[in-house]
Amino acid sequence: MKVKEVIEKYSPQVRIALESYFNHKLEQYQGKKFGITPEIIKFLRKYTLAEITQPRPALVLVGYMAAGNKITENIINTSIFTTFFTKYLAIHDDIIDQDDIKNDVPTIHIQSRKFNKSEKMGNDLAILAGDFLWSWAIEMILNSPYPQKRKIEALNIISKTNELTNIGQVTDLDFVMRELGKMKNEQVWEMYTNKAALYCYSLPLTVGAILGGLPQKLMNSLNRYARLVGAASQLKDDLEGVFGNEKVTGKSNIVDLRMGVKSLLVVKGYELANKDEKNILKNYIGKPDLTQKEASLIREIITKVGARSYCEKMLKERGIQALGILEKNKKDINFNSWEYLDDLVRFRLGFK
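Throughout the sequence shown, residue numbering follows my numbering, covering 1475 to 1826 in sequence.
Written out as structure tokens, the structure is:
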């Protein structure tokens, strides 16, 4: 099954499971003693359901199918743990990035200002709202009908992923504070893996495989695949964040430069630049009022020194490695799952 086929088939069912869960929580926390909690849950529902497709629950289903299992209502209901986990991280990230809108819906810290207009109160309530989702992610696994041993293994993976993702976020902020030239390419790759690859790709795929009873050897292979695709996806996002056509990608190609994001593109560009080019990159990257003309000069330098082509090469190499892992294990993985994962590399990384 191809990526689009799986997402179109199962996203509506995942959405029904999410709506049902939010309704359950609203019923559970009605009454004066819970104060504004129902309002916060309504904010969370609006924010979560604004994402029409559900790519991460789809990966849970793909991991579950990999062992030859059929998709059932139980695994669909359980798969929403990854939506809660993702949105918990996203809400905290929205505060860090000062994002006001996600999927055409106000972010939680903006919605929460309705109570007293205070920026601090909005942030405080958003942090707590995110923590609700963390609890619900755990609850979905605990209440699932799978063997206790598998549930414990899944919870261990979720806990470790949360820890490493936060390490990735801390590292990302640390890089913003560091001067150019103070970090290495390997550190950026590790940050990519921790910040994005684990929770976006490895976690849902691995937990689905655990609950489905996939043998450990195959699970290890899928985990390596997911880390490669996830880190490469982050690199692709960073390339688009500097060189992308805003009308095509739907995101700015100057904000990352203004924020001083130390992507592999920027780190490698600085490494390869001459003294004069290094000075330009130091002066312009991280400049809050960076102009389009200045951004164009950064792009010109990064391209000229070979950093852009280097990153594109790294992107291709990791995609090829991921496809190689799939090919090696093709006979041992359910074909529908294999086909999805093969298509995901081509779909996400732009392979043909």
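Yeah, the Cβ is synthetic: ideal placement off N, Cα and C, and Gly gets one too. Quick caveat: nothing in here was measured; it's all calculated off a predicted structure.
Buried or exposed: which applies to V1681, given that a residue is buried once 16 or more other Cβ atoms fall within 10 Å of its Cβ?
The sequence position of residue 1681 within the sequence shown is 207, counting from 1. Looking at its Cβ environment, which holds 16 or more other Cβ atoms inside 10 Å, V1681 is buried.
Contacts around Q1795, its chain only, beta-carbon distance under 8 Å, and the 5 residues preceding and following it disregarded:
Within the sequence shown, the letter at position 321 stands for residue 1795. Cβ within range, chain order: L1702.
With distances taken between CB atoms, is the gap from V1477 to I1554 smaller than 8 Å?
For the purposes of this step, residue 1477 is taken as the residue at position 3 of the sequence shown. For the purposes of this step, residue 1554 is taken as the residue at position 80 of the sequence shown. No, Cβ-Cβ distance for V1477 and I1554 is not below 8 Å.
In the DSSP assignment, what residue or residues form a beta bridge with V1579?
Numbered from its first residue, the sequence shown carries residue 1579 at position 105. According to DSSP, V1579 bridges with K1576.
Anticipated Cβ contact below 8 Å, K1725 with L1789, distance rounded:
Within the sequence shown, residue 1725 is the residue found at index 251, counting from 1. Within the sequence shown, residue 1789 is the residue found at index 315, counting from 1. Actually they are not in contact, since the Cβ atoms of K1725 and L1789 sit about 18 Å apart, beyond 8 Å.
Give the list of continuous alpha helix (DSSP H) stretches no shorter than 4 residues that lie fully inside the stretch 1728-1792.
1729-1733, 1738-1746, 1749-1758 and 1766-1778
Please work out which residues of its chain come closer than 8 Å, Cβ to Cβ, to E1786, disregarding the five sequence neighbours upstream and downstream, and give them in chain order.
One-based indexing of the sequence shown puts residue 1786 at position 312. Closer than 8 Å at the Cβ level, and outside the excluded window around E1786, lie L1713.
Count the other C-beta atoms from every protein chain shown that fall within 10 angstroms of the C-beta of H1498, then say buried if there are 16 or more, exposed otherwise.
On the sequence shown, residue 1498 is found 24 positions in, with the first residue counted as 1. Classification of H1498: exposed, given that the 10 Å Cβ count is below 16.
Cα separation between D1730 and Q1661?
Your numbering for residue 1730 matches position 256 in the sequence shown. Your numbering for residue 1661 matches position 187 in the sequence shown. Answer to the nearest angstrom: the Cα atoms are 18 Å apart.
With C-beta atoms as the reference, is G1718 less than 8 Å away from G1734?
By one-based count along the sequence shown, residue 1718 stands at place 244. By one-based count along the sequence shown, residue 1734 stands at place 260. No. Outside cutoff.
Between N1748, P1529 and K1656, which lies nearest to K1483 when the distance is taken from Cα to Cα?
Position 9 of the sequence shown, counting from 1, holds the residue named residue 1483. The residue with the shortest Cα to Cα distance from K1483 is P1529.
Measuring straight from C-alpha to C-alpha, what distance separates F1606 and P1621?
Stepping through the sequence shown from its first residue, residue 1606 is reached at position 132. Stepping through the sequence shown from its first residue, residue 1621 is reached at position 147. If I take the Cα positions, the gap works out to 25 Å.
Would you mind sorting D1571 into buried or exposed? The rule is 16 or more other CB atoms within 10 Å of its CB.
Residue numbering aside, residue 1571 sits at position 97 when the sequence shown is read from its first letter. Exposed is the call here.
Flag N1753 as yes if its beta-carbon sits less than 8 Å from any beta-carbon of chain B, otherwise no.
Protein chain content of the structure displayed is limited to a single chain, and chain B is not contained in it.
Under three-state DSSP, which class holds G1596?
For this step, residue 1596 is matched to residue 122 along the sequence shown. Residue state, collapsed to three classes: helix.
S1737 CB to nearest heavy atom of the ligand HEM below 7 Å:
This structure lacks the ligand HEM, and indeed carries no ligand of any kind.
Would the beta-carbon of I1772 fall within 8 Å of that of L1800?
The residue given as residue 1772 occupies position 298 in the sequence shown. The residue given as residue 1800 occupies position 326 in the sequence shown. Not a contact, by the Cβ cut-off of 8 Å.
I need the straight-line Cα distance from W1608 to N1808, nearest angstrom please.
Taking the first residue of the sequence shown as 1, we reach residue 1608 at position 134. Taking the first residue of the sequence shown as 1, we reach residue 1808 at position 334. Between W1608 and N1808, the C-alpha separation is close to 31 Å.
Are at least three pairs of beta-carbons, each pair with one atom in the stretch 1626-1646 and one in the stretch 1575-1589, less than 8 Å apart?
no
Looking only at its own chain, which residues have a Cβ that is under 7 Å from the Cβ of T1522, when we skip the five neighbours before and after it?
Residue 1522 sits at position 48 when you count from the first residue of the sequence shown. These residues qualify, in order along the chain: L1492, T1557 and K1561.
For the stretch 1674-1710, which segments carrying the alpha helix (DSSP H) assignment without a break, of at least 4 residues, lie completely within its bounds, in sequence order?
1677-1686
What does the Cβ neighbour count give for F1821, buried or exposed, with the cut at 16 atoms within 10 Å?
As a position in the sequence shown, residue 1821 is number 347, starting the count at 1. With fewer than 16 other Cβ atoms within 10 Å, it is exposed.
Nearest residue (CA-CA) to D1648, options L1679, A1541, G1824 and K1736:
Taking the first residue of the sequence shown as 1, we reach residue 1648 at position 174. Nearest option by C-alpha distance: K1736.
Going by C-alpha to C-alpha distance, which of T1765, L1533, Q1643 and K1507 sits closest to N1668?
Within the sequence shown, the letter at position 194 stands for residue 1668. Among T1765, L1533, Q1643 and K1507, the Cα nearest to that of N1668 is on Q1643.
By alpha-carbon positions, which one of K1742, I1510, E1525 and I1490 ends up nearest to L1654?
Here residue 1654 refers to the residue found at position 180 when the sequence shown is read from its first residue. The candidate whose alpha carbon is nearest that of L1654 is K1742.
Reference G1704, options I1684, G1715, S1676 and P1512, closest by Cα:
Residue 1704 sits at position 230 when you count from the first residue of the sequence shown. Measuring from the Cα of G1704, the nearest candidate turns out to be S1676.
Run of the alpha helix (DSSP H) containing P1529, from where it starts to where it stops
Reading the sequence shown from its first residue, position 55 is the one you call residue 1529. Where P1529 is concerned, the enclosing alpha helix (DSSP H) stretches over P1529 to M1539.
Whole alpha helix (DSSP H) elements within the stretch 1797-1825, 4-residue minimum
1809-1823
In angstroms with no decimal places, state the Cα-to-Cα distance between T1777 and L1764.
The residue labelled residue 1777 in the question sits at position 303 within the sequence shown. The residue labelled residue 1764 in the question sits at position 290 within the sequence shown. About 19 Å.
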